[in-house]
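Using the working numbering, read the sequence shown as starting at 2 and increasing by one per residue. Yeah, the Cβ is synthetic: ideal placement off N, Cα and C, and Gly gets one too. Worksheet for the structure shown next.
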Amino acid sequence: MTIDAGAVIAAYYRAFNAGDAQGMLALLADDVEHHVNEGGIRRGKELFAEFCGHMGVSYRETLTDIVIFSGQDGTRAAAEFTVNGEYLQTDPGLPEAKGQRYILPAGTFFALRGGLITRVTTYYNLSDWVKQVSAG
């Protein structure tokens, strides 16, 4: 049976927009790799959960205009979307947070195995984000 990767990714983003980190984690394989924009690789659900916790404190984000692309074999998917965010708490090495709002185009590539996400690779323009929050 082929898994509908697009449906898995749609559920992942519904959980994201609902602020449901546990719902997101339920869709990840235990050995998930999270390839961070302009950063390293976090391996495993525990590190992904820590990332979600940090993001929930420092940022409030909603994704809109989500378009999901998926391969027919259920092992690959991608999504393009708009990040609508608010910078709540200063992240080390980044500009000071003062509740600045930002809007960024972004995209994520996914790998899946057995209906679970094994890789999350997100890209956005960090210098555009810095410019937006620095001006705010």
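| request: Would you give the residue range spanned by the beta strand (DSSP E) that GLU62 belongs to? | output: What you label residue 62 is simply residue 61 of the sequence shown in a count that begins at 1. From DSSP, the beta strand (DSSP E) with GLU62 extends over 60–71.
| request: Go ahead and pull the three-state DSSP assignment for ASN85. | output: Position 84 of the sequence shown, counting from 1, holds the residue named residue 85. Residue state, collapsed to three classes: strand.
| request: Take the Cβ of ARG102 as the centre, count every other Cβ of all protein chains shown within 10 Å, and call the residue buried at 16 or more, exposed below. | output: Here residue 102 refers to the residue found at position 101 of the sequence shown. Counting C-beta atoms within 10 angstroms of its own C-beta, ARG102 has fewer than 16 neighbours from the protein chains shown and is therefore classed as exposed.
| ALA98, DSSP secondary structure in three states | Walking along the sequence shown from the start, residue 98 turns up at place 97. Residue state, collapsed to three classes: coil.
| For ALA30, which three-state DSSP category applies? | Residue mapping note: residue 30 aligns to position 29 of the sequence shown, counting from 1. For ALA30, the secondary structure class from DSSP, reduced to helix, strand or coil, is strand.
| said: Which same chain residues end up closer than 7 Å to THR122 when comparing Cβ atoms and leaving out the 5 residues on each side of it in sequence? | reply: Translated into positions along the sequence shown, residue 122 becomes position 121. Within the same chain, and ignoring the five residues on either side of THR122 in sequence, the residues whose Cβ sits closer than 7 Å to its Cβ are HIS36, THR109 and PHE110.
| Residue from GLU87, ILE67 and GLU51 with nearest C-alpha to ALA146 | Any question about residue 146 goes unanswered here, given that the chain covers just 2 to 137.
| task | Please state whether DSSP places VAL9 in a helix, a strand or coil. | result | For the purposes of this step, residue 9 is taken as the residue at position 8 of the sequence shown. For VAL9, the three-state secondary structure derived from DSSP is helix.
| Would DSSP call VAL134 helix, strand or coil? | Looking up residue 134 in the sequence shown gives position 133. Correct three-state label for VAL134: helix.
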